[in-house]
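Here's the structure we're looking at; comments come further down.
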Amino acid sequence: DVQLQESGPDLVKPSQSLSLTCTVTGYSITSGYSWHWIRQFPGNKLEWMGYIHYSGSTNYNPSLKSRISITRDTSKNQFFLQLNSVTTEDTAIYYCARKGTGSFAYWGQGTLVTVSA
Amino acid sequence: DIVLTQSPASLAVSLGQRATISCRASQSVSTSSYSYMHWYQQKPGQPPKLLIKYASNLESGVPARFSGSGSGTDFTLNIHPVEEEDTATYYCQHSWEIPPLTFGAGTKLELK
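These protein sequence lines map, in sequence, to chains Z and R.
Numbered per the numbering used here, the first sequence finishes at 118, counting up by one with no gaps.
Numbered per the numbering used here, the second sequence finishes at 193, counting up by one with no gaps.
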């Protein structure tokens, strides 16, 4: 079965970069689908951040475009999120997810990242 | 960006009764063949779980008491009969255009 697991620091200082890893098991990220990052703010609003396609192409939320980068390591079946110049408003639960033709059937459990000095 | 407006923000329903949640899109997300609207259930401490895809297609393993309908800009998630385990927050999500993909603000379902 497909499983996704986020990992990374749970505390980041303002102005620094947030870096997270999503490790995928049960399916190769180069075989198909697109692989996404979604975050959920305190108060529960969900925000789509961007994805890396199985071909390696990427697409980002315009609201984050200047700060976000999604990359991958195909040898480890992992993909990564980097968000630069974070502020306290970037405090959220960060999820990685696999999108099929339109919806997200597979999600990681999420990791809470707090931005604080 | 397509804005998804869910209503109500919260509702309380008695066991065995019907819960109806609405999602209105700021523009049509339907073609003649498909409606690019999906529904999720989220319980505390868990990621969202896909319930309904393409407006009315039940995801594998999801109980038949969940159903979805609608097209164009207006969509509905129905739960009938409501069971105790259905207490959760429900979200709609469109996939009409990327970027950006957006979610509704959520509807919290509680039992009376």
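Heads up, the beta-carbon is just placed ideally off N, CA and C, and yes, glycines get one too.
Check	Outcome
Beta-carbon spacing of Z:T102, Z:P15 below 8 Å	no
Through-space distance from Z:K77 to R:F184, alpha-carbon basis	31 Å
Beta carbon of R:I83 nearer than 8 Å to that of R:A100	no
Three CB pairs or more closer than 8 Å across the segment 2 to 21 of chain Z and the segment 94 to 109 of chain Z	yes
R:A136 beta carbon less than 8 Å from that of R:M118	yes
As assigned by DSSP and simplified to three states, the class of R:E140	coil
CB contact check: R:T168 to chain Z, cutoff 8 Å	no
Span separating the alpha-carbon of R:S114 from that of R:I160	25 Å
Backbone CA spacing between R:S95 and Z:N62 [nearest angstrom]	40 Å
Local conformation of R:E191 per DSSP, three classes	strand
Same chain, Cβ closer than 6 Å to Z:S70, five either side skipped, listed in chain order	Q83
Per-residue burial, Z:L113 [other beta carbons within 10 Å of its own, 16 or more giving buried]	exposed
Continuous beta strand (DSSP E) stretch holding Z:W49: start and end	L47 to H54
R:S176: contacting residues in chain Z (beta-carbon distance under 9 Å)	K100, T102, G103 and S104
DSSP three-state assignment for Z:E7, whether helix, strand or coil	strand
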